[in-house]
Amino acid sequence: MNTGQIWDYILDVSMLSILLLAATLMKRKVAFFRKNPIPVPVIAGFLGLVLGKDVLGIMVFSGVRLENLVYHLMNIGFIALSLKASQKVKNKEYVHSGMFIVSTYVVQGLLGFALSLLFFYTVFPKTFPLSGLLLPLGFGQGPGQAYSMGHQWEALGFAHGGNLGLTVAAIGYIWACAGGVALIAWLKKKKRLKTYDEIYGEPLDRPNIYDEEKPVELPLKESIDGLSLQMILIGAVYLVTYLTLKGLESVLTGTGDFGRTLAQLLWGFSFIIGAVYGMLARRILDFCHQRKWMKHSYTCNYLLERVSGVSFDFMITAAIAAVSIYMLKDHLLPILIITTAGGLVTILFIMKLAQRIYKTDTLENALAMYGMLTGTISTGIALLREVDPHFKTQAARNLVYGSGTGLAFGAPLMFLLNIPIMGYANKQPILYLVTLVAFVIYFAVLVFAMLMGTRDKKGTQDGVS
1103 MNTGQIWDYI LDVSMLSILL LAATLMKRKV AFFRKNPIPV PVIAGFLGLV
1153 LGKDVLGIMV FSGVRLENLV YHLMNIGFIA LSLKASQKVK NKEYVHSGMF
1203 IVSTYVVQGL LGFALSLLFF YTVFPKTFPL SGLLLPLGFG QGPGQAYSMG
1253 HQWEALGFAH GGNLGLTVAA IGYIWACAGG VALIAWLKKK KRLKTYDEIY
1303 GEPLDRPNIY DEEKPVELPL KESIDGLSLQ MILIGAVYLV TYLTLKGLES
1353 VLTGTGDFGR TLAQLLWGFS FIIGAVYGML ARRILDFCHQ RKWMKHSYTC
1403 NYLLERVSGV SFDFMITAAI AAVSIYMLKD HLLPILIITT AGGLVTILFI
1453 MKLAQRIYKT DTLENALAMY GMLTGTISTG IALLREVDPH FKTQAARNLV
1503 YGSGTGLAFG APLMFLLNIP IMGYANKQPI LYLVTLVAFV IYFAVLVFAM
1553 LMGTRDKKGT QDGVS
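If you're matching positions, the sequence shown starts at 1103 in our numbering and goes up one per residue.
This is the structure we're talking about:
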């Protein structure tokens, strides 16, 4: 990379910073944004999309560079989160929340994949048959994962797959924000929903659930800043992740076409590999600290949360700004149909299942889950604040801790996503049917486990019927 290319990336980050600053001012000063639960990075991303080359042409971003930023920022954010010390959680509701989250992924994957196969074999033969699998990635897991998977499919002949993944995620944010606002308005009118501040007449104080842990700084005599140490650990884990992927690539490429395809796909799961190494590094550090081999822990949850927060804020902004409408003309109509169906089904599924899983605070949990499962955890928290501004219910913690437990329940999903990919690469469409059946079985097991785990709970459902 020459000096000019390095400056291009620096300028891109600078323009993303300007967008985030402008969005922050809009969120504070413009009544529409102030009153509606739209996260600042989402506002910044759509502002960048409007100012970009496809609309006004005021800001000229390179789609490739922004996509690269999305990929690496996602990896950094996940590694930072994986290095955090985990809290031991015994509340079964967190476990059920994890299954709730993954079951929604499965519903979205089943719907999206079935529709993309239907389009491919009927009215839209130019549709990439696997494209519907971007629905649970873009809606449920965010732009980083959707871009990563779509980009890897480009090696299989799916033109602009990465950009399509970003498009699905951007539409998901629209569903999260606009759909969430409409849903709250409907519930207030039809169900006579009242928010906590309306009930108690309390000032709207918005605490941050992420800041409960105060920063534990290293002693002042240390010659390195605490944030620098967190970045050193993240960089070390990222290096090991890269070396692992390069090693696997060198081994697999020598095994033929199947191996080369698998090696290419593994790069799309770098965030998972990085997260696994991050958790392993955390365990090693804790072990050394417990054995008194290290005087200090050296990791700080507060600072690691800040690093992940910065990474995801810039990632979301870059992901939406990188969307290119012109590149998607052949896929736009099928994707609009898939995402519209996905948004409607997600609302219905979450609102119905929440009544069975959450015997108390049903409405708050449902809105939080809907916001996250069409956007990110920040949109889930934003919607929750509209009905529980003081976080008096357990919904916020169900969202945060449920995301953690969902990693375990979601592991089979990552395996399932590879089955149709292998079917396409090796011209074995029977694997598409295998995937659909596996989705149904997976979904049935998750829902059965949730219902069995909550059937003995006593309480009164509140809000949604």
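C-beta: ideal position from N, C-alpha, C; glycine also.
Worksheet item: If you drop the 5 nearest sequence neighbours on each side, which residues of the same chain put their C-beta closer than 6 angstroms to that of Phe-1414?
Response: Gly-1179
Fill in: Close beta carbons around Val-1409, own chain, < 8 angstroms, minus the five adjacent residues each side
Ile-1178, Gly-1179, Ala-1182, Leu-1329, Gln-1332, Met-1333 and Ile-1336
Worksheet item: How many Å lie between Ser-1119 and Leu-1406 at the Cα?
Response: 20 angstroms
Worksheet item: At which residue ranges does the region 1127 to 1171 contain complete alpha helix (DSSP H) runs of 4 or more residues, listed in the order of the chain?
Response: 1133 to 1137 and 1142 to 1153
Worksheet item: Using a threshold of 8 angstroms, is the CB atom of Ser-1505 nearer than that to any non-hydrogen atom of the ligand SAM?
Response: Of ligands this structure carries none, so the ligand SAM is not represented either.
Practice prompt. May I ask you to report which of helix, strand or coil DSSP gives Trp-1395?
Written response: coil
Discussion item. Excluding the 5 residues flanking Glu-1315 on each side, which residues of the same chain have their C-beta closer than 6 angstroms to its C-beta?
Written reply: Confidence at Glu-1315 is low in this model, with a pLDDT of 47, below 50, so its placement is unreliable and the value that follows should be read with caution. Contacts found: Asn-1403 and Tyr-1404.
Item to complete: For Ile-1427, collect the residues of the same chain with a Cβ closer than 7 angstroms to its Cβ; drop the 5 residues on either side in sequence, then sort them by chain order.
Response: Asp-1156
Practice prompt. Let me know the secondary structure DSSP gives Pro-1514 once reduced to three states.
Written response: helix
Worksheet entry | Alpha-carbon to alpha-carbon, Ala-1271 and Thr-1464 | 26 angstroms
Fill in: N-terminal and C-terminal residue of the alpha helix (DSSP H) that Ala-1257 is part of
Segment: none, Ala-1257 is in no alpha helix (DSSP H) and carries neither H nor E.
Worksheet item: Expressed to the nearest angstrom, what Euclidean distance is found between the alpha-carbon atoms of Asn-1138 and Leu-1455?
Response: 26 angstroms
Worksheet entry | Given 8 angstroms, three or more beta-carbon pairs between the region 1435 to 1449 and the region 1226 to 1241 | yes
Worksheet item: For Leu-1266, which option in Leu-1438, Val-1142, Ala-1527 and Leu-1486 has the closest C-alpha, if you only look at C-alpha atoms?
Response: Leu-1438
Item to complete: Spatial neighbours of Thr-1269 within its chain, please: CB distance less than 7 angstroms, with the 5 preceding and 5 following residues excluded, ordered by chain position.
Response: Val-1425, Leu-1430 and Ile-1437
Practice prompt. Taking only the alpha-carbon atoms, compute the straight-line gap between Pro-1231 and His-1253 and give it to the nearest angstrom.
Written response: 15 angstroms
Practice prompt. For Glu-1195, count neighbouring C-beta atoms within 10 Å of its own C-beta (all shown protein chains included) and say buried if the count is 16 or more, exposed if not.
Written response: buried
Worksheet entry | Sequence-distant residues of the same chain with beta carbon closer than 6 angstroms to Gly-1264, five excluded per side | Glu-1169, Tyr-1249, Gly-1252 and His-1253
Worksheet entry | Beta-carbon spacing of Cys-1279, Val-1144 below 9 angstroms | yes
Fill in: Enclosing alpha helix (DSSP H) for Asp-1415 [first to last residue]
1403 to 1423
Worksheet item: To which residues of the same chain is Gly-1508 closer than 6 angstroms at the C-beta, ignoring the five residues directly before and after it?
Response: Gly-1200, Ile-1203 and Val-1204
Fill in: Residue of Lys-1129, Leu-1171, Leu-1149 and Leu-1469 minimising C-alpha distance to Leu-1113
Leu-1171
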